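Take the numbering used here: the last position of the sequence shown gets the number 300, and nothing is skipped along the way. Using N, Cα and C, we set each Cβ at its ideal position, and we do this for glycine too. Being a predicted model, the structure only gives us computed values, none of them experimental. I have placed the structure first, in the form of structure tokens, so that the comments after it can refer back to it.
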Amino acid sequence: MEAVAMLGAAVPTALLAAPTDGRKSANSSSRIRLHRRSLAALNPASHLFLNSSPKSTKPRGNHARTHIFLPHLVASMVTGEQVEETYIMIKPDGVQRGLVGEIISRFEKKGFKLTGLKLFQCPQELAEVHYEELKSKSFFPKLIGYITSGPVVCMAWEGVGVVASARKLIGSTNPLDAAPGTIRGDFAVQTGRNVVHGSDSPENGKREIGLWFKEGEVIQWTPAIAPWLKE
């Protein structure tokens, strides 16, 4: 009080002698206001689970924000569906008989994605590496002669369960055992002329694609029909 009087300040007595309860009330009010500001900084309805973002007063211009619908993202991660790759080859007899379009259409109609495609004259060295597991078989020389006798169509296909499904589309190795509706069941009568090859495992699918395609020949892309094939 003496210091105030010496400075000549006209300070109301009520302010200088504020009661203790008043100070507690002011501090409490300050804490409440701070708490409210902290809560206001949090979005009360998180837009991570919304298809559209909450309204904002700030101008957005021409830039639109892309949102991921998290429940669908999480569901796709826990379904256990594994995208595979498989190598499909239309052999020289299939090419010579004009079956290329028919065979490709069966995989397309099934819903698999074509990532690599080319007409190719297979050299003997590549044929021997591709069929190396059959090297001890008596028919190996004839098989190499057959696969190098004319152009083949090399294809890389991708999809969930594509390896096993492609084998079903192709049919049994012996066309006479292949079910009607399969490629071999419809278009072949002899094992030595069974029109098409398909990888027998996901591991071999990757190996064979790497064997028959050079870097840059397999393309990753998103088909426009993808949302209509899978949830």
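DSSP-derived helix/strand/coil call for residue i
i      : result
ILE172 : helix
GLN190 : coil
ILE252 : helix
VAL152 : strand
TYR200 : coil
PRO244 : helix
ARG166 : coil
PHE209 : helix
VAL287 : coil
ILE294 : coil
GLU300 : coil
SER234 : helix
Assumed close pair residue i, residue j - CB separation to whole angstroms, cut-off 8 Å
i      : j      : result
THR260 : PRO271 : Incorrect: roughly 25 Å between the Cβ atoms, too far for contact.
ALA225 : VAL287 : 5 Å
VAL265 : ILE173 : Not really, about 11 Å apart at Cβ, beyond 8 Å.
Per DSSP, the bridge partner or partners of residue i
i      : result
GLY185 : ALA225
GLY267 : ILE157
GLN259 : ARG262
Contacting residues, own chain, Cβ-Cβ under 8 Å from residue i (five flanking each side not counted)
i      : result
LYS237 : THR251
ARG175 : LEU238, ILE252
6 Å Cβ shell around residue i - same chain, five flanking residues per side excluded
i      : result
THR217 : CYS191, GLN193, ALA196
CYS223 : MET158, LYS187, PHE189, TRP281
Same chain, Cβ closer than 7 Å to residue i, five either side skipped, listed in chain order
i      : result
THR155 : TRP226, VAL231, VAL232, ALA235, GLY267, SER268, GLY274
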